[in-house]
Structure formats: structure tokens, C-alpha cells
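Going by my numbering, the sequence shown opens with residue 234, and the numbers climb by one from there.
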Amino acid sequence: MTDRTNPTEFSPSTLIRLERAEALCARLGGRMTQQRREILGLILDAETPVGAYDLLEKIKTPDRRPAPPTVYRALDFLLEHGLIHRIERLSAFVPCTHLMQDAPAHDPDHCHEHDHDTCLHTAQFLICRTCKAVTEIAESSVLSTLRDICRDQNFVMQGASVEVIGLCADCAAKARPARKAAHKQADPASS
Ligand SMILES: [Zn+2]
Ligand SMILES: [Zn+2]
Numbered sequence: 234m235t236d237r238t239n240p241t242e243f244s245p246s247t248l249i250r251l252e253r254a255e256a257l258c259a260r261l262g263g264r265m266t267q268q269r270r271e272i273l274g275l276i277l278d279a280e281t282p283v284g285a286y287d288l289l290e291k292i293k294t295p296d297r298r299p300a301p302p303t304v305y306r307a308l309d310f311l312l313e314h315g316l317i318h319r320i321e322r323l324s325a326f327v328p329c330t331h332l333m334q335d336a337p338a339h340d341p342d343h344c345h346e347h348d349h350d351t352c353l354h355t356a357q358f359l360i361c362r363t364c365k366a367v368t369e370i371a372e373s374s375v376l377s378t379l380r381d382i383c384r385d386q387n388f389v390m391q392g393a394s395v396e397v398i399g400l401c402a403d404c405a406a407k408a409r410p411a412r413k414a415a416h417k418q419a420d421p422a423s424s
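Printed below as a string of C-alpha cells:
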């Protein structure tokens, strides 16, 4: 929690990612307004998923009190343009992983780049229950399995956000130091 006197002051890495987001928006025909940019910057700067209410609090200044719909509209825009994802389980938002990659190269496997309409609402997340870290995984086999199941059920799939709850590697290690030591000696197949 930093004291944010100037709400548009972001870390250098966030500024680079905002630039990337702006270029992506332009390619999709969207306009990155000051408000949208600020909301996205706050989500990028945060280490854990951010809720709409937290965002509202963060953009509030003594002489500026944006109304909740302003924030929701900005979030909708960012969601529609594949820049952020909503973690339903936490009612909070995370940046899409393709903004977080520091290499400018395209990841052809990442859903948002190639098949915008069908893949925008599909993503998979590993959510750590302890530290709230969210890792986005772009595993195409998960999606194709879900598609096959839906086809068999004659179900028209419109979105598929998979949220896996558990402990990240760090938190799992901290939670069970004794068992981890024991595992090292044990035969992995017998566990
Ligand atoms: Zn994504
Ligand atoms: Zn964790």
C-alpha cells in the first residue's frame, strides 16, 4: 500500500505494459482513455487480484470522487479487450498474462492473440488460497476437452473460466516444512 498522491504514477514496468495495452487497444479499435488507463495501471501494479471497490478507493482523491459505474465501465472495456480477467471466485481482477510478459514477442498459443471472439472468455487460473497469487495458464488441451464435452451435451459454450484453488509452490513449502523434508527421502511413487 503506497501513498498515491498522484494517481497516475506507476512503476516503470507498469508503464511499459500500459504502452503495450494501448497499442493492443488501438489494434482492436478501442481507445484507452485516461480513466481506463488508470484502472489498468492499478491492476498491473497490484500484486494480488484487485476488487472493484478497492479500485474505487484507490482512484479517489480529495477533489475527485468517481462514481462506481465509472469504474465498472472501465473494467468492462478492459475485459472486452482482453487486457484483464475477472476471477469469479475472488470477485477481483488480474491483468491478462500477455501484458505481463516482458518479451515483446507474440505468444501464438495465447488465446487472445489469434482467436479473439471465441477465446476471450476462456482462461484458466491457479489461485493460491494463502497469498492470493493468481497464475494464468493458457493450456489449449483444457479448452479442447471442454469443447468436446459441450459438443457431446449439445451445450453451446459461451465462456469457460477454470479456477483451480490450492496452494502455490511457495505457500505449500511454508505450510508443510516437515512433510517436505520427509518427502525427500521417501520414494515419490509410494506417496
Ligand atoms: Zn489472458
Ligand atoms: Zn501462495
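A virtual CB, placed ideally from N, CA and C, is assigned to each residue, including glycine.
Note that the structure is predicted; figures quoted are calculated from it, not measured.
Contact annotation: residue 243 and residue 278 have beta-carbon atoms nearer than 7 Å. Ligand 2 has a heavy atom closer than 6 Å to the beta-carbon of residue 363.
The continuous stretches of beta strand (DSSP E) do not include residue 246, which lies in the alpha helix (DSSP H) extending over residues 245–260.
By the C-beta criterion, the stretch 387–404 is judged to be in contact with the stretch 352–371, since at least 3 inter-stretch pairs fall below 8 Å. Within the same chain, Cβ atoms closer than 8 Å to the Cβ of residue 289 are found at 299, 301 and 304, the five residues on either side in sequence being excluded. Using a 10 angstroms sphere on the CB of residue 261, the tally of other CB atoms stays under 16, which defines it as exposed. The alpha-carbon separation between residue 401 and residue 377 amounts to approximately 25 Å.
Judged by DSSP secondary structure, residue 361 falls within the beta strand (DSSP E) whose first and last residues are 355–361.
The DSSP-derived three-state label of residue 282 is coil. The beta carbon of residue 269 sits closer than 6 Å to the beta carbons of 307 and 310 from its chain, once the five residues preceding and following it are set aside; these are given in chain order.
Not one heavy atom of ligand 1 lies closer than 6 Å to the C-beta of residue 258. When the Cα atoms are used, residue 405 and residue 365 turn out to be separated by approximately 13 Å.
Where residue 384 is concerned, the enclosing alpha helix (DSSP H) starts and stops at 373–385. If you ignore the 5 residues before and after residue 284, its C-beta comes within less than 8 Å of the C-beta of 323, 324, 325 and 326, all in its own chain and listed in chain order. The beta carbons of residue 317 and residue 328 sit closer together than 7 Å. Not one heavy atom of ligand 2 sits closer than 6 Å to the Cβ of residue 408. The DSSP-derived three-state label of residue 408 is helix.
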